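J.: What follows is a single structure, and I will ask about it in a moment.
2 protein chains.
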Amino acid sequence: MRRKSAADRREDIIGAAAQVLLDRGLLAATTRDVAERLGMSSGLLNHYFNWSELRSLAFGRLVDADRSRALSSHNHEPADVVLAAFVQTCFAPEYDALWRLWIEAMDLGRSDANLGAQLRRCDLAWHQGFADLIRRGNGERVWRCNDADGAALRLIALISGLAGLTLMPNAHVSRQDAIRHLGVAVRYECAAPVQQAARRRLSRAKRATK
Amino acid sequence: MRRKSAADRREDIIGAAAQVLLDRGLLAATTRDVAERLGMSSGLLNHYFNWSELRSLAFGRLVDADRSRALSSHNHEPADVVLAAFVQTCFAPEYDALWRLWIEAMDLGRSDANLGAQLRRCDLAWHQGFADLIRRGNGERVWRCNDADGAALRLIALISGLAGLTLMPNAHVSRQDAIRHLGVAVRYECAAPVQQAARRRLSRAKRATK
DNA sequence: TGCTCAATTGAGCAAGCGCTCAATTTAAAG
DNA sequence: CTTTAAATTGAGCGCTTGCTCAATTGAGCA
């Protein structure tokens, strides 16, 4: 195998490991898979990383890239548009592998300290990004949410739970269902103030007709 | 080892396997752990079960028992009391092992067909039980929920997501936080009609003073 | 009492895992 | 060109896993 500097080699390995994780999952992926994908010897891989370290690094890189794409990439659009787009797309098939990794990390992160620390970091970053988006929406007056942090945490927890239900073979919750349920929860948490007032008027009118 | 009938032996093994699962988790538990706990040879265990089958059976038994305890055991109490008790207790330390199994099953159930089928069954049963409880509350007029099935699914998904956050070592979500967040979601989904009216009056009064 | 067959044993197989290490190759410094 | 240190190799070690199978044991029946 053509020689490279240590830094370049490390980058190659992390990138390949990330692809292997997407293909096989955190649990099924092996060091030999990564080495084979790069056409390098298994010994070289272990010269740079141990598996726990490499797996955590590759996982963190994937999650970070995904978060940037989902939350930070289109900061020019209004918060409600960004959130609506996220709700519509987050359960699309192309993200199955990522949610699968997330669920696996919730399990393996308990026994693998590297993975646990990485998951915690990713968790906090997602939480932060989501809460910021909700606060931005408050500022733009597209909704009114008095507990952005709490809402962000609840929505993220709901998403991972829904992902778990959706990803099962023979799942009894379809992607469309998951999107719908997430949309309902989003409306609970981030109700548009205008709609709230309208709904209040409506219910008052109903009582009046009784 | 003292001889037993096939049926008794199978029961012994399933029971011991359930305890091993609680102790070590779905992933770390091994056939040897179960055999050792019963003081029997590993060969005998494999005479009655293969590991995939046994693990799924033991998992299902644990989840079923827990569901009975949480939802069906005190049917004489009002639905809101049952639900409130569930919210307060579901994240208690004694159920950590169970939630851990649930999260592990979301992962392993994708590659282990037995476990996948068992998880699906348990999922549907929990969903059914939860939705029934919500509908009972509708009948008792302790709340008004127009989408009991949807609410049940969202709450279960939220719970598993919160459990995943809570169970991590160095979790940034405490048990108290999890209870609070679940309580908030329950109020979203099953708002007491009386409280709704009171809140409406309150917000009207606020606008009047401005 | 002897027979029979199912329950039970436990050494060990085959496979997979992360990782080691002595040996080899090669880019770069002197 | 020579030297040197670092990159690279790959056979294989040590361990764990689920599971097999020939051999052994013992409860129930004639």
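These protein sequences, in sequence, are chains Z and F. In terms of the working numbering, the first sequence is residues 2 to 211. In terms of the working numbering, the second sequence is residues 2 to 211. We put the CB at the ideal spot given by N, CA and C, even for glycine. Computed from a predicted model, the values in this text were never measured in an experiment.
Would you verify that the beta carbon of R136 of chain F is, or is not, closer than 7 angstroms to some beta carbon of chain Z?
T.: No, because no Cβ of chain Z sits closer than 7 angstroms to the Cβ of R136 of chain F.
J.: For chain Z, find out if any of its Cβ atoms is closer than 7 angstroms to the Cβ of M107 of chain F; answer yes or no.
T.: Yes, because at least one Cβ of chain Z sits closer than 7 angstroms to the Cβ of M107 of chain F.
J.: May I ask you to report which of helix, strand or coil DSSP gives G130 of chain F?
T.: It is helical.
J.: I'd like to check one pair, A106 of chain F with L99 of chain F: are the Cβ atoms closer than 7 angstroms?
T.: No; because the gap between Cβ atoms is not below 7 angstroms, this pair is not in contact.
J.: Interface residues of chain Z around R68 of chain F at Cβ under 7 angstroms?
T.: Chain Z residues near R68 of chain F: none, gap ~16 angstroms exceeds 7 angstroms.
J.: How about R33 of chain Z and S43 of chain Z: do their beta carbons lie closer than 7 angstroms?
T.: Cβ atoms of R33 of chain Z and S43 of chain Z: closer than 7 angstroms.
J.: Between which two residues does the alpha helix (DSSP H) carrying G26 of chain Z extend?
T.: Where G26 of chain Z is concerned, the enclosing alpha helix (DSSP H) stretches over A7 to A29.
J.: Within 10 angstroms of its Cβ, does L1 of chain F collect 16 or more other Cβ (buried), or is it exposed?
T.: Outside the shown range of chain F (2 to 211) lies residue 1 of chain F, about which nothing can therefore be said.
J.: Return the chain-ordered list of same chain residues with a C-beta closer than 8 angstroms to the C-beta of E54 of chain Z, the five sequence neighbours on each side being excluded.
T.: Excluding positions up to five away in sequence, the list reads N115.
J.: Between which two residues does the alpha helix (DSSP H) harbouring W103 of chain F extend?
T.: Residues D97 to L109.
J.: Counting only beta-carbon atoms, is D94 of chain F nearer than 7 angstroms to chain Z?
T.: A small correction: the amino acid at residue 94 of chain F is Pro; Asp does not occupy that position in the sequence shown. Taking Cβ atoms only, chain Z never reaches closer than 7 angstroms to P94 of chain F, which makes this a no.
J.: Within 7 angstroms of any Cβ in chain Z, is that where the Cβ of K211 of chain F sits?
T.: Unreliable placement is indicated for K211 of chain F, whose pLDDT of 47 sits below 50; the coordinate value is still reported in the next sentence. No, its Cβ sits nowhere closer than 7 angstroms to a Cβ of chain Z.
J.: Could you run through the region 179-192 of chain Z and flag, in chain order, every residue whose CB is less than 9 angstroms away from some CB of chain F?
T.: Flagged, chain order: A179, R181, H182, L183, V185, A186, Y189 and E190.
J.: Between A179 of chain F and the rest of its own chain, which residues show a CB-CB distance below 8 angstroms, the 5 nearest in sequence each way excluded?
T.: F92, L163, A164, L166 and T167.
J.: Specify, as a first and last residue, the run of the alpha helix (DSSP H) that F87 of chain Z falls within.
T.: Run containing F87 of chain Z: A80 to T90, per the alpha helix (DSSP H) assignment.
J.: To the nearest angstrom, how far is it from the Cα of K211 of chain Z to the Cα of I15 of chain F?
T.: With a pLDDT of only 46 at K211 of chain Z, under the threshold of 50, the placement of this residue in the model should not be trusted, and no figure is reported.
J.: P24 of chain F to V35 of chain F, Cα distance in whole Å?
T.: What sits at residue 24 of chain F in the sequence shown is Asp, not Pro. Roughly 11 angstroms between the two C-alpha positions.
J.: Give the interface partners of L116 of chain Z over in chain F, defined as CB-CB distance under 7 angstroms, in chain order.
T.: None at all; the shortest Cβ gap to chain F is about 10 angstroms.
J.: At the 7 angstroms Cβ level, is L99 of chain Z part of the contact set with chain F, yes or no?
T.: It does not: the Cβ of L99 of chain Z has no partner Cβ on chain F nearer than 7 angstroms.
J.: For R111 of chain F, which option in Z:P170, Z:R188 and Z:E190 has the closest C-alpha, if you only look at C-alpha atoms?
T.: The shortest Cα separation from R111 of chain F among Z:P170, Z:R188 and Z:E190 belongs to Z:P170.
J.: Determine the extent of the alpha helix (DSSP H) in which R3 of chain Z is found, giving its start and end residues.
T.: Element bounds for R3 of chain Z: n/a, residue is neither H nor E.
J.: Note down, in chain order, all residues in the region 5-27 of chain F with a beta-carbon under 7 angstroms from any beta-carbon belonging to chain Z.
T.: Result list empty, no residue passes.
J.: Starting from S161 of chain Z, find everything on chain F with Cβ-Cβ shorter than 7 angstroms and list it in chain order.
T.: Chain F residues near S161 of chain Z: G162 and G165.
J.: Is any beta-carbon of chain F found at less than 7 angstroms from that of P170 of chain Z?
T.: Yes, P170 of chain Z counts as interfacial toward chain F.
J.: Under 7 angstroms, Cβ to Cβ, is there at least one residue of chain Z near A158 of chain F?
T.: Yes, A158 of chain F lies at the interface with chain Z (some Cβ there is under 7 angstroms from its Cβ).
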